[in-house]
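All letters in the sequence shown, in the order written, are residues 34 to 431 by our numbering. A short write-up of the structure that comes next.
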Amino acid sequence: MKNKRFITDSQLKAITLPLDTKELIIKDESTPNLIVRISPQTKSFIFRAKIDGKMKQYKIGQYPLISLATARQEAIKLKAQITQDIDPTLKELTFNEVAQMWLKYKSKQNLATFQKIQGRLNNHIIPKLGNIKIQDLKRDKLIKCVLELELKDNRGDGYETKTKIFGILKDILKFIAIHGLIHDYISPLADLNFSDICKDKHTTTHHRYIQEPKRLKEFLDAIENYKGNILTKYALKMGVYTALRSQTLRTLKWEYIDYTKEIINIPKEQMKTKKPFILPLTNQIKAILKELEPYKLGKYLFSINANVMSDGTLSKAIRKMGFRDDTDFHGLRGLFSTICNEHTQEHGLSPEIIELCLAHADTNQIRNAYNHSERLNEKTQLMKWYNDYIDKIRDELK
Numbered sequence: 034m035k036n037k038r039f040i041t042d043s044q045l046k047a048i049t050l051p052l053d054t055k056e057l058i059i060k061d062e063s064t065p066n067l068i069v070r071i072s073p074q075t076k077s078f079i080f081r082a083k084i085d086g087k088m089k090q091y092k093i094g095q096y097p098l099i100s101l102a103t104a105r106q107e108a109i110k111l112k113a114q115i116t117q118d119i120d121p122t123l124k125e126l127t128f129n130e131v132a133q134m135w136l137k138y139k140s141k142q143n144l145a146t147f148q149k150i151q152g153r154l155n156n157h158i159i160p161k162l163g164n165i166k167i168q169d170l171k172r173d174k175l176i177k178c179v180l181e182l183e184l185k186d187n188r189g190d191g192y193e194t195k196t197k198i199f200g201i202l203k204d205i206l207k208f209i210a211i212h213g214l215i216h217d218y219i220s221p222l223a224d225l226n227f228s229d230i231c232k233d234k235h236t237t238t239h240h241r242y243i244q245e246p247k248r249l250k251e252f253l254d255a256i257e258n259y260k261g262n263i264l265t266k267y268a269l270k271m272g273v274y275t276a277l278r279s280q281t282l283r284t285l286k287w288e289y290i291d292y293t294k295e296i297i298n299i300p301k302e303q304m305k306t307k308k309p310f311i312l313p314l315t316n317q318i319k320a321i322l323k324e325l326e327p328y329k330l331g332k333y334l335f336s337i338n339a340n341v342m343s344d345g346t347l348s349k350a351i352r353k354m355g356f357r358d359d360t361d362f363h364g365l366r367g368l369f370s371t372i373c374n375e376h377t378q379e380h381g382l383s384p385e386i387i388e389l390c391l392a393h394a395d396t397n398q399i400r401n402a403y404n405h406s407e408r409l410n411e412k413t414q415l416m417k418w419y420n421d422y423i424d425k426i427r428d429e430l431k
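What follows is the structure, given as structure tokens:
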């Protein structure tokens, strides 16, 4: 029978199934993809759309238990999900299916930490929870996944990684609710913080750093004579003089550099603290940038095959140079902190400026929320003093 259409609730109510007809399909004139299937006993709202080249449908509910207005709202929401590459017709979703939708959504946000997020999900979560139906994923299973985390190495107690895993789980389950993948879904973790599930005393892992000036000179000489990838060499040099985190350093873009203002203006997306950071350009850093320019391959300073330098490259290079027991790349930040704090009488700047140069978040939450002062002049003074100190170690110690 030829399809009919309706616009108002009264029109829908008046439509009846003709004699000798088993089923009638009518379309909502005002709402794309919404139809009503009429059988001898029921009228059912159906959302029907082409997804990945196939015509699929999703049952919204029976009329008049579900009103026309409610069905239209649901159809609009389902249509919005399709535009976000989410298939609302999937039933009995597993955690892995939702996790892959979530990853696809995250990949569009251009997060600097996306590869780490993907690695943690695939290594620590999917093997334990991937095949479990979302509706069967209760709080105890989720907490067990976090607290029974096993790391490949024996460094530290895994506290930081556990907090990251918990955050990923919580965000994925929140994604289900926000995008309506499951009707009226409430996350089992919605009302929990990590501190609620982990009461163990946290053992802080301190990164190694070079403490002896003579050994530091040997390290600086080793970087200068590094025979591996030239971009790795310059990234190591930049790490020494800037004390930036590996993630921030490896994702630096040429567009952040402002030679007129003599700063590198790093947006919040690239920072662990999620706040923009201004790094003063010292003469030493400008010299490194000038040497680096002929090797420019893309938008990133240290692009390898036009991609971001991989996580672990810099610490691997340090081990290759023979300094495995002395430091890792993060230890260069400890080096900066120690030297600057031990020589406050020489540079005359406060520990607060040292923390600002390290882009550490203020532990006072109220002050952290309201203090937007960059104190750029003082940061510039300290970075200049520290860079000159490193040069002195490199040039004068024999």
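From the three backbone atoms N, C-alpha and C, an ideal C-beta is built for every residue, glycine too. Since this is a predicted model, take the numbers as computed values, not measurements.
Contact belief for G94 with A82 at Cβ below 8 Å, rounded distance in angstroms: Actually they are not in contact, since the Cβ atoms of G94 and A82 sit about 17 Å apart, beyond 8 Å.
Kindly indicate which residue of I84, N410, K89 and H363 has the alpha-carbon position closest to the one of Q280. H363
When the Cα atoms are used, what is the spatial distance from P51 to S63? 24 Å
Between the CA atoms of E295 and A402 - distance to the nearest angstrom: Confidence is the limiting factor: at A402 the pLDDT is only 40, short of 50, which leaves the residue's position unreliable and the question unanswerable from this model.
How would you label Q117, buried or exposed, when you count the other beta carbons within 10 angstroms and need 16 or more for buried? exposed
If distances are taken between C-alpha atoms only, which option among E326, Y96 and I387 comes closest to A268? E326
Per the contact definition of three or more C-beta pairs closer than 8 Å, is the segment 348-355 in contact with the segment 300-312? no
Taking the alpha helix (DSSP H) that G367 belongs to, which residues open and close that run? G364 to E375
Here's the rule I'm using: 16 or more other beta-carbon atoms within 10 Å means buried, otherwise exposed. How should D428 be labelled? exposed
Any chance you could list the beta strand (DSSP E) runs of at least 3 consecutive residues sitting entirely within the segment 308-338, in chain order? 310-313
Closest to S365 by CA distance: which of L282, T127, R38 and Y218 is it? A quick correction: the sequence has Leu, not Ser, at residue 365. The shortest C-alpha separation from L365 is found at L282.
If you count every other CB in all the chains shown that lies within 10 Å of the CB of N143, and 16 or more means buried, which is it? exposed
Between I167 and L202, what straight-line distance do the alpha-carbon atoms span, to the nearest angstrom? 12 Å
Using DSSP with H/G/I as helix, E/B as strand and the rest coil, what is S77? strand
Can you give me the C-alpha to C-alpha distance between K195 and V179, rounded to a whole angstrom? 6 Å
Can you give the Cα-Cα distance for L264 and L285, rounded to whole angstroms? 13 Å
Neighbourhood of I1 by C-beta, 8 Å cutoff - its chain only, sequence neighbours within 5 removed: Outside the shown range of the chain, which is 34 to 431, sits residue 1, and nothing can be said about it.
Whole angstroms are fine: how far does the CA of L136 sit from the CA of F199? 16 Å
Does the ligand SAH have even one heavy atom less than 8 Å from the beta-carbon of L214? Ligands in the displayed structure: none, and consequently the ligand SAH is not present.
Using the C-alpha atoms, what's the distance from I426 back to R357? 21 Å
Assuming I48 contacts I59 under a Cβ cut-off of 8 Å, what Cβ separation, rounded to an integer in Å, is found between them? 6 Å
Only counting the same chain, and skipping five residues up and downstream in sequence, which positions put a Cβ closer than 8 Å to that of I399? Because I399 sits at a pLDDT of 39, beneath the cut-off of 50, its placement in the model cannot be relied upon, and the point is left open.
Give the secondary structure of L253 by DSSP, where H, G and I count as helix, E and B as strand, and everything else as coil. helix
Please determine, among D61, I219, G345 and N155, the residue with the shortest C-alpha to C-alpha distance to K46. D61
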